[in-house]
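K.L.:
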Amino acid sequence: MAPKWLKSLLVAAFSLVSLFFFNVSKAQDSPGGANETDRKEAPKLNAAKIILEHVGDGHEFHFFTFHKKPVTIPLPVIVYSPERGWSIFMSSRFEHGEQTYDNYRLLHEAFIEENKLDEKVFRPGKIVPVDADGKIDASVKVYDFSLTRNVTQMLISVVLLIWLMHGVAGKYAKGQGVKTAPKGFQGAIEPVVVFIRDEVGKANLGDQYDKYMPFLLTVFFFILINNLIGLVPGTANVTGNIAFTAVLGILSFIVIMFSTGKHYWGHIVNPPVPFLVKPIMVPVELMGIFTKPFALIIRLFANMISGHIIILSFIILIFVFGAMNTALGWGTSPFFVLLSIFIYLIEILVAFIQAYIFANLTAVFIGQAFEGGHEEGHGAAHTDESVVI
């Protein structure tokens, strides 16, 4: 149950937003509004596109804009064309999509609208070949191997994971943490590893937990590192990318399938139900094989992208209200900033929870694939514990 003060805060926020949007809609419907000319001349704020740009992929890390100059870290652009060969340069050459370089252009919203391009084919952020006049050259085929924001951050996470865990493993190899108490970062990692071993591995896999621990720990820490890095302003929300979570889900699916036995497939093909119900249950059981990894994919993706969208929505509301009325924008900004900070703190907690849930559900699905191994192993474990007691 949520505390009363949280419910009151959410109700107040909803009421405030509803009241302001209701008044604005009435003012827009009024033909003789005093600020009708000003509203027509003011540039439109497309909140949806702004949010999608921030949570989507890109060719640079954008941190903030200072005096109308974006502060960014450009990333390498690597494209290959059978007609033109390889082209490797930094994305800063495009000047945020305003310029062409080496007969290539980075599409942005204004260029797509100006040339009336099909937005389903020519989306913002896509690199396209152009001719000498700067128009898209449809005769040239391009393969994009660029290190985008998501790819670069994922590689950074891999390097960081290997570096951290290799350092911890090296300390254990020297006897620190075995004969003596763990120190420093090793002391922070060891309780987490023990928790995953006991509450995820042993609890769901029984006596066979040991061979799955490398996979479960790698998945947990890899997701956790990407979740935490994604909370830094300007970085990429890698775990909020469906392609990233899909790869993790496919890996879990492969491990689950290699853990199956004849008991598992016998339950799928010949479920223990009345004969007349079997034709209905067999397709359901077959579908269940794929819905399990699909649930892993969607759960992680939806939870990690939703928090970023909520935070961005609160921040954009400041500018939406500011466009209506300057005093209204300044007056509501503290409220929306506090809400953003509140959601941000929750996202830190969610970063740990979602990493744990993905690893735990993977272990649950692997345990279900055993040929009765989970129940037998679990029973043996309880028997041993009772003897020790």
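Sequential numbering of the sequence shown, starting at 0, is according to numbering that gives the first Met the number 0.
Quick reminder that beta carbons are idealized off the backbone N, C-alpha and C, glycines included.
Drop a sphere of 10 angstroms on the beta-carbon of Q98, count the other beta-carbons inside from all chains shown, and report buried for 16 or more, exposed for fewer.
P.N.:
When all chains shown are included, Q98 counts as exposed.
K.L.:
If you count every other CB in all the chains shown that lies within 10 Å of the CB of M323, and 16 or more means buried, which is it?
P.N.:
Buried, since its Cβ has 16 or more Cβ neighbours within 10 Å.
K.L.:
For the pair the segment 320-335 and the segment 274-292, tell me if three or more CB-CB distances fall below 8 Å.
P.N.:
Counting Cβ pairs under 8 Å, fewer than three are found: no touch.
K.L.:
From H262 to M153, what distance separates their C-alpha atoms?
P.N.:
The alpha-carbon atoms of H262 and M153 are separated by roughly 38 Å.
K.L.:
Please list the segments of the beta strand (DSSP E) lying wholly inside the segment 57-127, counting only runs of 3 or more residues, in order along the chain.
P.N.:
Taking only runs of at least 3 residues, the beta strand (DSSP E) segments lying wholly in the segment 57-127 are 59-65, 68-73, 75-80, 84-89, 103-105.
K.L.:
Contact between the segment 292-299 and the segment 248-255: three or more CB pairs below 8 Å?
P.N.:
Result yes; three or more Cβ-Cβ pairs closer than 8 Å.
K.L.:
Identify the continuous alpha helix (DSSP H) that holds I253 and give its terminal residues.
P.N.:
Note, I253: alpha helix (DSSP H), 241-257.
K.L.:
Under a Cβ-count criterion, where at least 16 other Cβ atoms within 10 Å of its own Cβ denotes burial, should Y103 be classed as buried or exposed?
P.N.:
That one is buried.
K.L.:
Would you kindly report the start and end of the unbroken alpha helix (DSSP H) that includes F357?
P.N.:
From DSSP, the alpha helix (DSSP H) with F357 extends over 325-368.
K.L.:
Mind pulling the beta strand (DSSP E) runs of 3 or more residues that sit fully within the segment 161-239?
P.N.:
The segment 161-239 contains no whole beta strand (DSSP E) run of 3 or more residues.
K.L.:
Helix or strand or just coil, what does DSSP make of V141?
P.N.:
Reduced to three states, the DSSP call for V141 is coil.
K.L.:
Out of curiosity, what's the CA-to-CA distance linking L311 and P282?
P.N.:
Whole-angstrom Cα-Cα distance: 42 Å.
K.L.:
What residues in its chain sit with their C-beta under 6 Å from that of H107, if we drop five residues either side in the sequence?
P.N.:
Cβ neighbours of H107 beyond the five flanking positions: G96, P123.
K.L.:
Any beta carbon of chain B sitting closer than 8 Å to that of Y355?
P.N.:
Absence of chain B from the displayed structure is noted, only one protein chain being present.
K.L.:
Quick check: what's the CA-CA separation for G372 versus I253?
P.N.:
Only weak support is given to the placement of G372: the predicted model assigns it a pLDDT of 42, under 50, and the question is left unresolved by the model.
K.L.:
Give a yes or no on whether the C-beta atoms belonging to L227 and I195 are separated by under 8 Å.
P.N.:
No, these two residues do not count as a Cβ contact at 8 Å.
K.L.:
Which of the three DSSP states, helix, strand or coil, is assigned to V129?
P.N.:
Correct three-state label for V129: strand.
K.L.:
Taking the alpha carbon of E113 as the point to measure from, which residue in I126, K134, L223 has its own alpha carbon closest?
P.N.:
When only C-alpha atoms are compared, the closest one is K134.
K.L.:
Less than 8 Å separating the beta-carbons of I50 and I308?
P.N.:
Contact flag set, yes.
K.L.:
Of the residues F369, A358, I365, which one's Cα is nearest the Cα of V191?
P.N.:
Cα-wise, what sits closest to V191 is A358.
K.L.:
For R83, collect the residues of the same chain with a Cβ closer than 8 Å to its Cβ; drop the 5 residues on either side in sequence, then sort them by chain order.
P.N.:
Here the set comprises N102, P128, V139.
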